[in-house]
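Protein chains in written order, with the working numbering: chain A, 1 to 288; chain B, 1 to 808; chain C, 1 to 166. For glycine and all other residues, C-beta sits at the position ideal for the given N, C-alpha and C. Note that the structure is predicted; figures quoted are calculated from it, not measured. Below: the structure, in structure tokens.
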Amino acid sequence: MKPAPFEYCRPSSVSEAVDALAAAESGRVLAGGQSLIPAMNFRLTDVSVLVDIRDVAGLDRVTVEPGGVTVGAAATQSRVLADDGAAAVVPGLRVALRHVGHLQIRNRGTVCGSIAHADPAAELPALAVAVDATISVEGPDGGRNIAARDFLLGPFWTALDDAEVVTEVCFPAAPEGAVTVVDEISRRAGDFAVTGLVAIIEPVDAVVRSARLVGFGVGGAPMRLTEAEAALSGWAGHHTDSAVLEAAAADAADAFEDIHATAEYRREVLGALVVRAARKALNSGASP
Amino acid sequence: MIPDIDDHIRHSTRHIGRSVPRREDRGPLTGRGRYVADIKLPGMLEVCIVRSTEAHARITEIDTSQAEALDGVVAVYTGADLADVSTFPDYIAYIGAVRQRPLATDRVRYVGAPYAAVVAVDRYVAEDGAALVAAGTIYEPLPTVADLAQALAPGAPKLFDDWDSNVSVDVAPHKPEVDRAFEEADHTFTDTYWSQRQTGLPMETRGVVAEVTDGTLTVWSSTQSPHMVRTAIALMLGVPEPQVRVIHPVVGGGFGTKTHTYPEDIVVPWIARRLGCAARWIEDRAENLVASAHAREQRHDVEVAYDDDGAIGAIRCTSTLDMGSGEIFMPGTAPVFVTNACITGGYDFPNMQARTVGVVTNKTPAGAYRGFGIPEGAFVMERIIDRVARLTGTDRVALRRRMLLRPGQTPHVMHGGGRLDSGSHTESFERALETTAPALERARTRHADDSDVRVGVGYCNYVEPTSPSYHLTTGQWGGHDSATVRVDPDGSVRVAAGLSAMGQGNETTAAQLAADALGVSPEQVTVVLGDTERAPYGLGSWGSRGAMMLTGSVLMASERLLDKARRIAAHLLEASPGDIVVSDGAFHVAGSPQPSVSWADVGTTAWVRTVDLPDDIEAGLETSAFYHPEHLTHQLDEDGKINAAASWSNGTHIAVVSVRVSTGEVRIEDFIVVHDCGTVINPALVEGQVHGGVVQGIAGAMYEHFQYDSDTAQPRFSSFMDYLVPTCAEAPPIDVDHIESPAPDQPLGVKGCGEGGTVGPPAAVAGAVSDALSEWGVDLTECPVTPVAVRAAIRAAEAAGRGPGATR
Amino acid sequence: MSVSQPVSEIEVEITINSRRRRDRVPSRLLLSDYIRDTVGLTGTHLGCEHGYCGACTVMVDGDAVRSCLMLTVQADGAEIRTVEDLAPAGSDALSPMQQAFHDNHALQCGFCTAGFLMTLESVDPADYRHPQQVVELLSGNLCRCTGYQNIVTAVAQAWSDSTQAQ
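Written out as structure tokens, the structure is:
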């Protein structure tokens, strides 16, 4: 399990990185490498040139402002996880990162890399969709900003062009009073989710006023659960609410099947996660 | 039984029975343990094995030219190059001959089958070459059989053209008394239980290093059985056995998978001889998942005759093993025989008839994995008992109590012939129940406020055959093991045993034994294991045999040595040998500590100042012994029965679980173990074996499962993301208690403890989850018990109108 | 220092267990193989080479990382510590955590042990006061022998001793 031969470069600017990617037959950006290197060890990924962005000044920056948190492409997950300021503005970052891998992975893995990798069962892409994050990329034709929902196209498939580099991701601040829940069923601690949910719920007087729900590990990309959002509106934590379960199942009508779970399981458990999240939000909403 | 030394040790024991700290720890703790992958020899080349990507195919062409042209590639070999190597022997006449070649020549029968080897300057280049060989391979695909049903279907594609079918073995005894029991019973039921495909998965993969120097072929192999590997190499390569030396360095776990002699154990030495330089192959994890033995995939078709009061009259069981392609040495059939032998466990009921079937499929060959068929058998029995209890409205615990062997009922011969020499079957169950009651209460309290959670408890009482016959498994080897004990001129003791070690602490155990046998401290004892040149022929470590076989062989050799040492000491002290005793490293006349002579005095006299020896004592102070346990038999008797284990440990496992109904998530709240392995030599080591075994058992109960595509027989796994080895977070608290029922016929009463931990968890967890979901009438018949499986069971029950959800 | 043109071989400067080295390595050489084969420190083990088992865990600039998921060139300029660096030099003594593993029978085959020790060495015990946090920390390293219970006990002992010593 050794990688096939490739060439390596370590540019000092984003434009050099873009040039290197543009010149390569099959270039890849190396940030943390925690998904890319295993794929290369298995020889599942064809790479002719690796473009290591660690020497590009400023890419490891994490900027916390009242309106949101901007995470540079080289900022590690551990670094963001430890950032109390970031957690205060975008609570989802911390709760999502707690589910990501293990300490050793988070020490190298980057927030932006996880989003660019677009694993359908990963937490951070789902968070990005849930909070309406914006992905900033640079390419041969200049820069552009892409909404997360437009960036994540399918399993391991993004809107990123071959010679484009993700430079940062901006996570907008959570709405006042909202509760962010990241919950998932995973087979083991630290595993990717069998099925997971990012929920941003605004409880008012023990009733769900609005909910923004994104499922992951269900479809090819993070999935807005619009029917469940509607069903949850006005929900007050009834002991069971089959309408919520049914709505979530309808949202997940095209759930996939793999060795870890059947589509049927994913559909029904997604509803259970929605109920669980809503209940948690209502409980924590009672005492902010 | 070795009466003299037994008696000697019983009266002088200082170290046996104590948690003597492990001498094996320092190397791994400081990064200086030397595993096979750490061996680096001058001029050593690296080997990469090229493996089939087809599940069943003829290989019509292998173009090696591109790989050979690659810079850094030294050679590429295919099966055709190894024409001078014989096939692995097919020693067992009653199972289908597979004539396994080290590298496949024309046909491959599973994904992962080795068919070529690339030799290069390093592993990176060797893998580059292997990719080119793979690209240059042309297959003619053949129809596949991915499971038992496909393999047994009429007209199924056959793996071996000269066989009648895919059935490798089918042993079907008929007992008329079982028929009668079925006729007389109030009720019967039939069902099918399954055990899923798993593997031992040591953290260290396999590896082989070989070189020829000064006429000796030296092979370092991460094996559990170095002598058996030596015999296979000599036989297959046609090298005189004294010119082959097999060493196992520090081994990073085995769990049965490393008991087999694999193709690479032959191919790498062949390459070293062919090229005249050192060669190394280290299995990577991707290979390991398809190229090291799988295990446990069995189907059990049972019929049970029982009465209104829950009394089980008889069981018929057909146990069918999915052998994978069967291309493995030793063959993988033995575990299913062990399953049938162990179904009855410590339960006494009137009769049983078991049929044993082995079937080949286009999957990785099945072989040994810790537990070796026992967990599968225990699962069948415990699920049957729970079912009968439910069908008759009998209490599950009471039914077990009625059937368990009570004190005084051993020795007891099981339906398959296994002779339970002693044990604490009822006592261990009762003691485990005592611990369970508060644990269950805690779990219920913890979840009392959560209407989505149900709590349940599940039971498993099991027996663990220890120090088994290897004849039924291999068709060739028996059941002995060996030790040489030597005292050097300085009085130091050296023990070299045919046993091996893969982490159990066998070196520490051997030192404890020799220390007490010779009246010295363990620090004075040097232990050598796993080297065919330094230890006499032994069979290695497997089958929970380490403790008993070390005890027998080390004590036998020590007794002989001590006898000679006493005579020398008596001569030096001018006393009679019969009056001489040894303690604290000194010989003196019993009752008068002075004058005395030391082991150094005796050793120096024996080896150096031999002029001081009397005429009737030859020089030297070294003895070897070959120990074979009493009552261990190797052949079936006229009734088809056999006691293929020297002694039988036993125990009870109880799982307390909580189940989240909405998601199917299962959490083991407590896992209770009462374990009886006879006399304990080192309590810490035994407890370590239990902990590790239990978590492996839980892996089988809830996590690990090799799945194959049913249309193509392609693996649906490739990494640790698909094969779910439990982490620390999945390991529950384990409460271990010990009972000691000494083996009446074995030295010091020692039994074995390596495998028992793996036995109970599947049965206990499936029983506990079924109990938790009793409102739905859930009765799980297979593992792993995953969230998906739990939800499926609940959904099926509700669809059938059972359970609280069904009424709403 | 940037490497502007793609190269298949590169010179790296790495400090490993306080010794500074310069080596010319292939771009594709994994850090794990550099440590084991180039430097010859074989106490770091390879259990999966896809970043799951944690046996190859080492410290890079103070952080625990999986050395099989890092290229050697990515460690250019870094300071690395491996298991060989844990015990005090020039004596038979073990580090407190190594000693706790020994005292609690927290290793059997020992293949995974270096990874556990390096993970533990890299963190501040003060951040892991709750037992559940310790379990989560340890869940990044697989052990197939011990069932983890004795490892958890060893960590608790070593860390409670270290708090008492303070």
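Checklist entry - Helix or strand or just coil, what does DSSP make of residue 9 of chain A? => result strand
Checklist entry - By Cβ distance below 6 Å, which residues in the same chain neighbour residue 49 of chain A in space, the five residues on each side in sequence not counted? => result 7, 24, 27
Next on the checklist: Please give the ranges of any beta strand (DSSP E) in the stretch 53-130 of chain C, keeping only runs that are unbroken, at least 3 residues long and fully inside the region.
Outcome noted: 57-60, 63-66, 79-81
Next on the checklist: Quick check on DSSP: helix, strand or coil for residue 796 of chain B?
Outcome noted: helix
Checklist entry - Taking the alpha-carbon positions, what's the residue 125 of chain B to residue 24 of chain C distance? => result 17 Å
Next on the checklist: Under 8 Å, Cβ to Cβ, is there at least one residue of chain B near residue 135 of chain C?
Outcome noted: yes
Checklist entry - Where do the ends of the beta strand (DSSP E) carrying residue 146 of chain A lie? => result 142-147
Checklist entry - Using a Cβ cut-off of 8 Å, which residues of the stretch 774-804 of chain B contact any Cβ in chain E, in chain order? => result This model lacks chain E altogether; the protein chains it does include are A, B and C.
Next on the checklist: Can you tell me whether residue 159 of chain C is helix, strand or coil according to DSSP?
Outcome noted: helix
Checklist entry - What residue ranges within the stretch 186-221 of chain B form continuous alpha helix (DSSP H) runs of no fewer than 4 residues, ordered along the chain? => result none
Item to check | Proximity of residue 336 of chain A and residue 277 of chain A at Cβ, strictly below 8 Å | outcome: Absent from the model: residue 336 of chain A. The displayed extent of chain A is 1 to 288, so no value can be given.
Next on the checklist: I want to verify the contact list: residues of chain B whose CB lies under 9 Å from the CB of residue 259 of chain A, in sequence order.
Outcome noted: 705, 707, 716, 717, 722
Item to check | Cβ contact check for the stretch 759-769 of chain B and the stretch 553-572 of chain B: 3 or more pairs under 8 Å | outcome: no
Checklist entry - With 16 other CB atoms within 10 Å as the buried threshold, where does residue 11 of chain C fall? => result exposed
Checklist entry - Between the stretch 194-213 of chain B and the stretch 289-297 of chain B, do at least 3 Cβ pairs fall closer than 8 Å? => result yes
Checklist entry - Is the stretch 327-338 of chain B in contact with the stretch 444-458 of chain B, if contact means three or more CB pairs nearer than 8 Å? => result no
Checklist entry - Short check: CB of residue 110 of chain B to CB of residue 362 of chain B, under 8 Å? => result yes
Next on the checklist: Among B:26, B:14, B:742, B:48, whose alpha-carbon lies nearest the alpha-carbon of residue 411 of chain B?
Outcome noted: B:742
Checklist entry - residue 91 of chain C versus chain B: which residues are under 7 Å apart at the beta carbon? => result What residue 91 of chain C touches in chain B: nothing, since even the nearest Cβ is about 11 Å away.
Next on the checklist: So the candidates are B:185, B:443, B:587, B:606; which of them puts its Cα closest to the Cα of residue 315 of chain B?
Outcome noted: B:185
Checklist entry - Where residue 745 of chain B and residue 81 of chain B are concerned, what is the direct C-alpha to C-alpha distance, given to the nearest angstrom? => result 52 Å
Checklist entry - What distance in whole Å lies between the Cβ atoms of residue 650 of chain B and residue 19 of chain B, which are believed to be in contact at a cut-off of 8 Å? => result With a Cβ gap of about 22 Å, residue 19 of chain B and residue 650 of chain B do not count as contacting.
Checklist entry - Using the beta-carbon of each residue, which ones in chain C are nearer than 8 Å to residue 504 of chain B? => result 108
Item to check | Beta-carbon proximity of residue 357 of chain B to residue 392 of chain B, cut-off 8 Å | outcome: no
Item to check | Proximity to residue 276 of chain B [Cα-Cα], best of B:227, B:218, B:331 | outcome: B:218
Next on the checklist: I need the boundaries of the alpha helix (DSSP H) containing residue 607 of chain B, first residue and last residue.
Outcome noted: 599-607
Item to check | Extent of the continuous beta strand (DSSP E) run through residue 622 of chain B | outcome: 622-627
Next on the checklist: Given this structure, state the Cα-to-Cα distance separating residue 364 of chain B from residue 480 of chain B, to the nearest angstrom.
Outcome noted: 30 Å
Item to check | Within-8 Å CB hit, residue 256 of chain A to chain B | outcome: no
Item to check | Closer than 8 Å to chain A by CB, residue 284 of chain B | outcome: yes
Checklist entry - Distance, Cα to Cα, residue 98 of chain A vs residue 86 of chain A? => result 14 Å
Checklist entry - Which partner residues of residue 94 of chain B appear in the DSSP bridge assignment? => result DSSP lists no partner for residue 94 of chain B.
Item to check | Residues near residue 49 of chain B in its chain [Cβ-Cβ closer than 6 Å; skip 5 each side] | outcome: 114, 117
Checklist entry - Of all the options B:539, B:33, B:409, which has the alpha carbon lying nearest to the alpha carbon of residue 469 of chain B? => result B:539
Checklist entry - In this structure, does DSSP put residue 484 of chain B in helix, strand or coil? => result strand
Item to check | Residues from the stretch 121-137 of chain A in contact with chain C, defined by Cβ distance under 9 Å | outcome: none
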